[in-house]
Amino acid sequence: MDRFCFGFAFEPHIWRSHKYHLGYEAFQSWLQGFTNADQIREPGLLTSGFCTLCIAASLAEFLSAYPTVIHIGTATAIFEIDGINFLTDPFFSPAGTTWDMGGGNVLKNTETPALALENLPPIDAILLSHEDHPDNLDELGRRLLDGRHVFTTMDGANNLAPRPAVRGMEPWKTVPVVLGGKQFEITATPCQHLPGGECTGFIITSKEFGVAADGKPNAIYFTGDTVYIDELAKIPEKFHVVCAVMNLGSAFAGLPDGPLQITMDGKQAAHLFRTIKADYLVPMHYESWGHFTQFGKDLVKVFEEESIMDKVRWLSPGKSVKVQ
1 MDRFCFGFAF EPHIWRSHKY HLGYEAFQSW LQGFTNADQI REPGLLTSGF
51 CTLCIAASLA EFLSAYPTVI HIGTATAIFE IDGINFLTDP FFSPAGTTWD
101 MGGGNVLKNT ETPALALENL PPIDAILLSH EDHPDNLDEL GRRLLDGRHV
151 FTTMDGANNL APRPAVRGME PWKTVPVVLG GKQFEITATP CQHLPGGECT
201 GFIITSKEFG VAADGKPNAI YFTGDTVYID ELAKIPEKFH VVCAVMNLGS
251 AFAGLPDGPL QITMDGKQAA HLFRTIKADY LVPMHYESWG HFTQFGKDLV
301 KVFEEESIMD KVRWLSPGKS VKVQ
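For the sequence shown, the residue numbers in full-length UniProt numbering are 1 to 324.
Below is the structure:
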């Protein structure tokens, strides 16, 4: 065990060799039995203080790649990652608020978000999939943009100017950011939402997340509003997604040519989950709006049919959920 610990702590690539009997995947499985590094210091668990120290460091790295998620409502959530808070698509309007989108499309939310602005923890950065739809950024949510790091589309950055900390990103562009003294990389991912508008998803990586057995960086993926598109199959070429937070609901928009699906349904989510080889699927964005057509009970049935329920982690509004 000491040799295994030494290999993991100082030579991560050794885990992928056949030099040691206990492989990287087995070690990851073992680590998943713990929720914090202190647990491995229980008497009798490990005989070597050096090994304990190394395993504790390895466990801390392993666990930091799995976020704690607080779902606020719709596509709004807080990803708490190693003490840093990312907020997605800020929406805080009370139930019953309506927006006339034109063309006979009226948006109305039926549930008040679980947290109000004044109840939020400190927010370090905002992942804004698109700024031009009020169910992803309302007037209350706009109050959070000033003075914070905001990552969004190229159009979004132009429309939100002048805000120097707003970064417009094209698909697959990666930008570094230091938050709370910690280095992260944010990569934009492609989306297909409404015609004529831009939308983006995001992949979060950090050296502190560690790497997978194949050497790819561990990553957290937020899909943004999109249906399944083949281009997303490129994700596992560069990243090992430990947690995929997906906007679902099978939302439809009325267009002159007929209704158009603009967010994923459960089958598309299951297909994307398998395609990107993610560890866990975290559904959200499937309740509270009239243009959604597939809700929680429907997703449960689909995920059971797709045999992925053991990999699904459900969120509860306002509650902290550790994804692992």
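Glycine residues also receive a C-beta, built at the ideal position from the N, C-alpha and C atoms.
Self-check item: Range of the contiguous beta strand (DSSP E) that encloses R167
Solution: Within the sequence shown, the letter at position 167 stands for residue 167. Run containing R167: 166-168, per the beta strand (DSSP E) assignment.
Say whether the stretch 119-135 touches the stretch 147-154, bearing in mind that this needs 3 or more beta-carbon pairs closer than 8 Å, one atom from each stretch.
-> Counting Cβ pairs under 8 Å, three or more are found: they touch.
Run the CB neighbour count on D257, radius 10 Å, all protein chains shown included, and call it buried at 16 or more, exposed below. By one-based count along the sequence shown, residue 257 stands at place 257. With fewer than 16 other Cβ atoms within 10 Å, it is exposed.
Let me check understanding here. Comparing Cα to Cα, which of L260, E111, F295 lies closest to T226?
What you label residue 226 is simply residue 226 of the sequence shown in a count that begins at 1. Relative to T226, the option among L260, E111, F295 whose CA is nearest is L260.
Worksheet entry | DSSP state of P236 mapped onto helix, strand, coil | On the sequence shown, position 236 is the one that residue 236 refers to. The three-state reading of DSSP puts P236 in helix, counting H, G and I together.
Nearest candidate by alpha-carbon position, reference G266, set V242, S307, P162: Numbered from 1 along the sequence shown, position 266 holds the residue referred to as residue 266. Comparing Cα positions, the closest option is S307.
What is the DSSP secondary structure of L248, reduced to helix, strand or coil?
-> What you label residue 248 is simply residue 248 of the sequence shown in a count that begins at 1. The answer is coil: DSSP assigns L248 none of H, G, I, E or B.
Check your understanding: Considering only C-alpha positions, which residue in the set F79, C199, D279 is nearest to P121?
Key -> Residue numbering aside, residue 121 sits at position 121 when the sequence shown is read from its first letter. It is F79.
### Query
In three-state DSSP terms, what is M309?
Taking the first residue of the sequence shown as position 1, residue 309 is located at position 309. The answer is helix: DSSP assigns M309 an H, G or I state.
inquiry  = Let me check understanding here. Comparing Cα to Cα, which of S93, L115, R313, I84 lies closest to V242?
reply    = On the sequence shown, residue 242 is found 242 positions in, with the first residue counted as 1. Taking only the C-alpha atoms, the option nearest V242 is R313.
Secondary structure of T275, DSSP reduced to three states: The residue you call residue 275 lines up with position 275 of the sequence shown. Helix.
Is S320 buried or exposed, if buried means 16 or more other CB atoms sit within 10 Å of its CB?
Locating residue 320 in the sequence shown gives position 320, counting from the first residue. By the neighbour-count rule (16 or more Cβ atoms within 10 Å), S320 is not buried but exposed.
Identity of the residues DSSP links to L260 by a beta bridge: Walking along the sequence shown from the start, residue 260 turns up at place 260. As a beta-bridge residue in DSSP terms, L260 pairs with A253.
Can you tell me which residues form a DSSP beta bridge with P176? Residue mapping note: residue 176 aligns to position 176 of the sequence shown, counting from 1. Its beta-bridge partners are E185.
Can I203 and A219 be called in contact, C-beta distance under 8 Å? Within the sequence shown, numbered from 1, the residue matching residue 203 stands at position 203. Within the sequence shown, numbered from 1, the residue matching residue 219 stands at position 219. Against a cut-off of 8 Å, the Cβ pair of A219 and I203 comes out as a contact.
* Asked: Hey, G224 and F292: beta-carbon distance below 8 Å or not?
  -> Residue 224 sits at position 224 when you count from the first residue of the sequence shown. Residue 292 sits at position 292 when you count from the first residue of the sequence shown. Their beta carbons are not under 8 Å apart, which means G224 does not touch F292 by this criterion.
What's the call for V106, buried or exposed, on a 16-neighbour Cβ count within 10 Å? Within the sequence shown, residue 106 is the residue found at index 106, counting from 1. A residue is called buried once 16 or more other Cβ atoms fall within 10 Å of its Cβ, and V106, having fewer, is exposed.
Counting pairs of Cβ atoms below 8 Å between the stretch 82-92 and the stretch 138-147, do you hit three or more?
Flag = yes, the stretch 82-92 and the stretch 138-147 touch.
- Task: Take every Cβ of the stretch 109-119, pair it with every Cβ of the stretch 164-176, and state whether three or more of those distances are shorter than 8 Å.
- Result: Not touching, per the Cβ criterion.
Q.
Is the separation between the beta-carbon of P283 and that of A270 shorter than 8 Å?
A. Residue mapping note: residue 283 aligns to position 283 of the sequence shown, counting from 1. Residue mapping note: residue 270 aligns to position 270 of the sequence shown, counting from 1. Not a contact, by the Cβ cut-off of 8 Å.
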